[in-house]
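Listed in order, the protein sequences are those of chains A and B. Per our numbering, the very first residue in the first sequence carries number 1; after that it's consecutive. Per our numbering, the very first residue in the second sequence carries number 1; after that it's consecutive.
There are 2 protein chains.
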Amino acid sequence: MSSTSGSGDRILAILDLFSPDRREWSPDAIMAALGYSRPTLYRYLKTLKAAGYLVSLPGDGLTLGPRVTELDFLMQRSDPLIATASPFIALLAGRHPGVALLTRWYGSKILCVASDRSPDAPVSSYPRGQPMPLARGAISRVILANLARRDQERLIAERRDILVGPDTTADALRETYRAVRRAGVCIAWGEVTPGVVGVAGPILAAERTPIGAISLTADAAQMTEERLAAITRDIRDSAAAISGMFCARQHRPGDDPALKSVASADQDCRDSAQHFRRRRQ
Amino acid sequence: MSSTSGSGDRILAILDLFSPDRREWSPDAIMAALGYSRPTLYRYLKTLKAAGYLVSLPGDGLTLGPRVTELDFLMQRSDPLIATASPFIALLAGRHPGVALLTRWYGSKILCVASDRSPDAPVSSYPRGQPMPLARGAISRVILANLARRDQERLIAERRDILVGPDTTADALRETYRAVRRAGVCIAWGEVTPGVVGVAGPILAAERTPIGAISLTADAAQMTEERLAAITRDIRDSAAAISGMFCARQHRPGDDPALKSVASADQDCRDSAQHFRRRRQ
DNA sequence: AACCAAAATCTCAATTATTGGGATTCAATA
DNA sequence: TATTGAATCCCAATAATTGAGATTTTGGTT
Numbered sequence: 001m002s003s004t005s006g007s008g009d010r011i012l013a014i015l016d017l018f019s020p021d022r023r024e025w026s027p028d029a030i031m032a033a034l035g036y037s038r039p040t041l042y043r044y045l046k047t048l049k050a051a052g053y054l055v056s057l058p059g060d061g062l063t064l065g066p067r068v069t070e071l072d073f074l075m076q077r078s079d080p081l082i083a084t085a086s087p088f089i090a091l092l093a094g095r096h097p098g099v100a101l102l103t104r105w106y107g108s109k110i111l112c113v114a115s116d117r118s119p120d121a122p123v124s125s126y127p128r129g130q131p132m133p134l135a136r137g138a139i140s141r142v143i144l145a146n147l148a149r150r151d152q153e154r155l156i157a158e159r160r161d162i163l164v165g166p167d168t169t170a171d172a173l174r175e176t177y178r179a180v181r182r183a184g185v186c187i188a189w190g191e192v193t194p195g196v197v198g199v200a201g202p203i204l205a206a207e208r209t210p211i212g213a214i215s216l217t218a219d220a221a222q223m224t225e226e227r228l229a230a231i232t233r234d235i236r237d238s239a240a241a242i243s244g245m246f247c248a249r250q251h252r253p254g255d256d257p258a259l260k261s262v263a264s265a266d267q268d269c270r271d272s273a274q275h276f277r278r279r280r281q
Numbered sequence: 001m002s003s004t005s006g007s008g009d010r011i012l013a014i015l016d017l018f019s020p021d022r023r024e025w026s027p028d029a030i031m032a033a034l035g036y037s038r039p040t041l042y043r044y045l046k047t048l049k050a051a052g053y054l055v056s057l058p059g060d061g062l063t064l065g066p067r068v069t070e071l072d073f074l075m076q077r078s079d080p081l082i083a084t085a086s087p088f089i090a091l092l093a094g095r096h097p098g099v100a101l102l103t104r105w106y107g108s109k110i111l112c113v114a115s116d117r118s119p120d121a122p123v124s125s126y127p128r129g130q131p132m133p134l135a136r137g138a139i140s141r142v143i144l145a146n147l148a149r150r151d152q153e154r155l156i157a158e159r160r161d162i163l164v165g166p167d168t169t170a171d172a173l174r175e176t177y178r179a180v181r182r183a184g185v186c187i188a189w190g191e192v193t194p195g196v197v198g199v200a201g202p203i204l205a206a207e208r209t210p211i212g213a214i215s216l217t218a219d220a221a222q223m224t225e226e227r228l229a230a231i232t233r234d235i236r237d238s239a240a241a242i243s244g245m246f247c248a249r250q251h252r253p254g255d256d257p258a259l260k261s262v263a264s265a266d267q268d269c270r271d272s273a274q275h276f277r278r279r280r281q
């Protein structure tokens with residue numbers, strides 16, 4: 001990460017200030033937080049406001065503006081990963097009572113980008129758009145486990161504070177990751193939400209780097225051994241199928257992979273999964 | 001709009017390329033479209049990709065990335081206009097069969113930022129995130145009608161192509177706007193969607209500038225005169241109430257106006273509307 | 001209506017950070 | 001392994017960004 005475009009970074013840094021804890025910022029607060037001079041900041045704000053990324057509040061304050069909604073609307077229809085994975089999510093939620101999620105890995109964050117739930121599922125606490133914890137749960141673990149060695153090490157070093165705790169050493173982590181990676185799936189009991197079991201599989205891009213995960217969370221109290229085995233199998237197959245289809249996409253660019261039906265997803269799930277796993281060797 | 005931050009604008013311009021018609025862009029296409037040099041473009045792209053605004057597709061292409069989803073998630077919970085207007089939208093959709101929308105005006109676009117529909121409503125073609133046409137429909141007209149004189153003129157001049165057509169002169173437009181402004185509400189029959197009637201009221205900020213609109217669209221075939229009168233009254237009152245509440249907000253900053261119930265919105269609808277209209281004189 | 005304080009914008013010189021041509025490295029494919 | 005195209009690096013030139021301070025605008029108050 002050598003050369004970045006400084007000015008652009010400084011503008012985007014303003015958007016980074018907005019968080020669930022602080023959804024309104026005054027110009028002065030931004031100045032203090034980022035150390036920009038007044039004219040410079042107002043120039044940046046003019047740009048961001050003109051484009052709709054920020055809007056003024058009555059009084060003096062700023063919040064995120066409608067342009068982000070517009071972009072998200074587009075993004076939802078643009079991301080081929082979402083298009084590819086949607087039928088699988090529906091399939092999972094249809095077969096097993098629970099909440100199926102598609103999450104994406106970016107920067108060093110995990111974000112839910114699509115979800116589906118069975119009619120009788122407990123309400124999910126992680127709807128679309130919600131960042132997921134990096135240190136806990138099946139999703140995060142299955143992603144971290146599939147990182148390239150050096151990325152994994154970098155992350156362990158950088159986020160030592162949250163990844164390594166009183167009951168986890170760095171070495172234990174590495175061992176866990178190795179096992180998860182080999183298994184191709186990860187199961188976690190009540191790590192994110194008590195009383196809920198989560199099963200997650202990795203979505204891997206061509207170079208074998210994880211770009212996201214597919215998962216199902218279900219009520220732990222109603223979980224049986226067979227059911228868990230079935231879920232695990234479905235998750236693993238779905239993850240493999242999605243990975244394979246997503247990579248294959250590159251050969252038919254511009255081809256809008258019209259949302260596939262749940263039925264055909266089911267088929268793909270069996271077919272592609274095998275092919276893909278075979279190729280992995 | 002004299003001094004803008006050039007570098008930042010050039011970065012954001014990249015995001016503007018993405019549209020429903022073209023959701024994938026290759027670096028070369030961007031270079032051609034915007035005329036940036038190769039190193040510069042790649043620097044920009046690195047910034048945008050690192051922040052998650054763009055992601056690489058398999059092959060070589062880029063699409064919008066998960067960061068916009070994250071921001072939208074936040075925005076939805078940050079925008080006090082949405083918080084203020086939500087109960088009114090619910091109220092409208094509850095009282096009248098149809099689709100109630102909250103739209104925001106920014107730049108020179110109209111965007112739907114929240115919606116609700118009655119159980120028996122025909123499906124809306126304008127969900128959250130969807131841009132609305134500038135030249136047709138009750139929403140656009142009620143917003144344009146309430147623009148400050150010079151903004152209105154500027155817009156008429158700039159978007160002459162879509163605003164002034166074979167059956168509309170600029171003067172007729174101005175006259176229409178004047179009438180709509182005076183009425184405080186606008187009704188349009190089948191302009192956006194055939195067979196559908198739309199009623200919209202303006203949401204005005206402190207300085208009387210429109211920042212959005214609240215509207216209800218309903219099946220024209222099932223519309224009666226009384227019903228339309230009732231809707232019109234509700235829309236006008238809601239719009240006035242929201243405008244008043246939104247402006248009042250500035251005196252209790254940081255105060256999270258916890259979502260009000262539909263019942264209390266109903267009350268506000270009557271109360272505030274009168275106050276606000278009185279103040280308008 | 002006139003006034004006041006705070007917010008937003010402007011001016012402009014200094015300088016710094018950005019730019020782009022060309023060379024180079026990296027990565028994927030045959 | 002050779003080959004092509006994509007992505008990055010290098011570095012001097014320059015054009016664009018920056019910020020102190022002055023100025024205007026805005027919104028609220030007496």
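Think of the CB as a built atom: it goes at the ideal place given N, C-alpha and C, for glycine as much as any other residue.
Where Tyr42 (chain A) sits in the DSSP three-state scheme: helix
Chain-ordered chain A contacts of Ser115 (chain B) [CB-CB under 9 Å]: The premise fails here: Ser115 (chain B) is roughly 12 Å from chain A at the closest Cβ pair, so nothing lies under 9 Å.
Gly98 (chain B) versus Ala229 (chain B) - alpha carbon distance: 15 Å
Candidates B:Leu147, B:Ala138, B:Arg10 and B:Ile156: closest to Glu191 (chain B) by CA position: B:Ala138
Chain A contact for Ala258 (chain B) (CB, 9 Å cutoff): Confidence in Ala258 (chain B) is poor, its pLDDT being 37 and thus under 50, which makes the residue's placement too unreliable to answer from.
Ile162 (chain A) burial status per 10 Å Cβ neighbour count (16 or more: buried): exposed
Ala85 (chain A) to Gln130 (chain A) span [Cα, whole Å]: 18 Å
Burial state of Arg182 (chain B) (16 or more Cβ within 10 Å): exposed
Residues of the segment 64 to 82 of chain A whose Cβ lies closer than 8 Å to any Cβ of chain B, in chain order: Leu64, Gly65, Pro66, Arg67, Val68, Thr69, Glu70, Leu71, Asp72, Phe73, Leu74, Met75, Gln76, Arg77, Ser78, Asp79 and Pro80
Contacting residues, own chain, Cβ-Cβ under 7 Å from Gln152 (chain A) (five flanking each side not counted): Leu144 and Tyr177
Test: Tyr53 (chain A) CB closer than 9 Å to a CB of chain B: yes
Inside the segment 110 to 191 of chain A only - alpha helix (DSSP H) runs reaching at least 4 residues: 137 to 145, 149 to 158, 160 to 163 and 170 to 183
Any C-beta of chain B under 9 Å from that of Glu158 (chain A): no
C-alpha distance - Glu158 (chain B) paired with Ala148 (chain A), whole-angstrom precision: 53 Å
CB of Ile242 (chain A) within 9 Å of CB of Phe88 (chain A), strictly: yes
Counted within 10 angstroms of its Cβ, other Cβ atoms place Pro39 (chain A) as buried (16 or more) or exposed: exposed
Range covered by the beta strand (DSSP E) that runs through Arg208 (chain A): Neither: Arg208 (chain A) is in no beta strand (DSSP E) and is coded neither H nor E.
Beta-carbon proximity of Tyr106 (chain B) to Arg67 (chain A), cut-off 9 Å: yes
Beta-carbon proximity check, His96 (chain A) vs Ala218 (chain A), cutoff 9 Å: yes
Minimum Cβ-Cβ distance from Asp16 (chain A) to chain B less than 9 Å: yes
The segment 68 to 75 of chain A contacting the segment 70 to 84 of chain B, beta-carbon criterion three pairs below 8 Å: yes
Environment of Pro257 (chain A) [buried if 16+ CB atoms lie within 10 Å]: With a pLDDT of 42 at Pro257 (chain A), under the threshold of 50, the predicted position of this residue should be treated as unreliable, and no value is reported.
Which listed residue (A:Cys247, A:Thr169, A:Thr47 and A:Lys46) has its alpha carbon closest to that of Ala205 (chain A): A:Cys247
Close beta carbons around Ile235 (chain B), own chain, < 8 Å, minus the five adjacent residues each side: Leu92, Val185, Val199, Ala200, Gly201, Ile214, Ser215 and Leu216
Cβ separation of Arg104 (chain B) and Gly212 (chain B), assumed to be a contact under 8 Å, to the nearest whole Å: 4 Å
DSSP bridge partner residues for Ile203 (chain B) (one or two, in chain order): B:Gly212
Classification of Asp120 (chain B) by the beta-carbon crowding that lies within 10 angstroms, buried from 16 upward: exposed
Inter-residue Cα distance where the pair is Ser56 (chain B) and Pro27 (chain B): 10 Å
Rounded distance between the beta-carbons of Met132 (chain A) and Ile156 (chain A), thought under 8 Å: Not a contact, Cβ separation roughly 18 Å.
The alpha helix (DSSP H) enclosing Arg77 (chain A), as first and last residue numbers: Pro66 to Ser78
Buried or exposed by the 16-neighbour rule on C-beta atoms within 10 Å, applied to Asp171 (chain B): exposed
Proximity below 9 Å, CB of Arg128 (chain B) to CB of Val113 (chain B): yes
Check whether Ala13 (chain A) and Leu34 (chain A) have beta carbons under 9 Å apart: yes
Residue-chain proximity (Ser7 (chain A), chain B), Cβ-Cβ < 9 Å: yes
CB contact flag (Leu48 (chain A), Leu15 (chain A), <9 Å): yes
Arg10 (chain A) (DSSP reduced to helix, strand or coil): helix
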